[in-house]
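Numbering (my numbering), first residue to last: 51 to 238.
Glycine included, C-beta positions come from ideal geometry on N, C-alpha and C.
Here the structure is laid out as structure tokens; the discussion comes afterwards.
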Amino acid sequence: MAKINGNEIRPGNVIEHDGGLWVAVRTNHVKPGKGGAYNQVELKNLINGTKLNERFRSAETVEQIRLEMKDFSFLYEQGEALVFMDTESYEQLELQKDFVGDRAAFLQDGMMVMVQLYDERPIGISLPDQVTLTITEADPVVKGQTAASSYKPAILENGIRVLVPPFIGSGERIIVDTNEITYVRRAD
Numbered sequence: 051m052a053k054i055n056g057n058e059i060r061p062g063n064v065i066e067h068d069g070g071l072w073v074a075v076r077t078n079h080v081k082p083g084k085g086g087a088y089n090q091v092e093l094k095n096l097i098n099g100t101k102l103n104e105r106f107r108s109a110e111t112v113e114q115i116r117l118e119m120k121d122f123s124f125l126y127e128q129g130e131a132l133v134f135m136d137t138e139s140y141e142q143l144e145l146q147k148d149f150v151g152d153r154a155a156f157l158q159d160g161m162m163v164m165v166q167l168y169d170e171r172p173i174g175i176s177l178p179d180q181v182t183l184t185i186t187e188a189d190p191v192v193k194g195q196t197a198a199s200s201y202k203p204a205i206l207e208n209g210i211r212v213l214v215p216p217f218i219g220s221g222e223r224i225i226v227d228t229n230e231i232t233y234v235r236r237a238d
């Protein structure tokens, strides 16, 4: 763990502050007409998600934390728990659905995810940016409907609703952006 000056904090840095782990979301260097310059930092707690705005002067030092990133494979869902396996040690890790959030619906058997660990404790998870899913239900194409920016609702195999172009039908495989939950393109 390294100590850094308050004015060296950048977005994405993980720091220890007031007994908690925080990630810098936004930073703004401020130099007022009177007084010393400071770094206005918007922080987000990695454990409970609360936000905090804090001023750091260049004379202040904070502890910068390096998170361990490990590859895990999604195994199965058990009630409200999701079970993952470490690809190196084959140890299993059980996380609650609310820890993963809304993106838990995109998890598929064998999917590789990146888990962020601090002192062997999971504090974050990253899913692939895009996944391939099958459309189970799509509205039929309406005659006279032009292809220019007209999308229709479709339901995916995981129950999520996305808007797709009119030429996409039921049973087709599409690629979906897991961050925005939007249609990207047809799967090959």
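The beta carbon of LYS147 sits closer than 7 Å to those of GLU130, LEU132 and ALA154, all from its chain and outside the five residues before and after it, given in chain order. Taking the Cβ atoms as the reference, LEU117 lies roughly 6 Å from VAL64, within the contact range of under 8 Å. Contact check for PHE156 against MET135 fails: the beta carbons are separated by 9 Å or more. The bridge partners DSSP lists for GLY70 are HIS67. ASP159 and ASN98 have their C-alpha atoms some 28 Å from each other.
Per DSSP, reduced to three states, the secondary structure at PHE217 is coil, with no helix or strand assignment. In this chain, the alpha helix (DSSP H) harbouring LYS147 covers 147-150. Taking the Cβ atoms as the reference, GLU92 lies roughly 11 Å from ARG105, outside the contact range of under 8 Å. For the segment 95-161, the full-length alpha helix (DSSP H) segments reaching 4 residues or more read 147-150 along the chain.
Exposed is the label assigned to LEU213, since fewer than 16 other Cβ atoms lie within 10 Å of its Cβ. When rounded, the separation of the alpha-carbon atoms in LEU177 and TYR201 is 26 Å.
About 6 Å separates the beta carbon of ARG223 from that of THR182, a gap short enough to meet the 8 Å contact definition.
The beta-bridge partner set that DSSP reports for ILE224 consists of LEU183 and ARG236.
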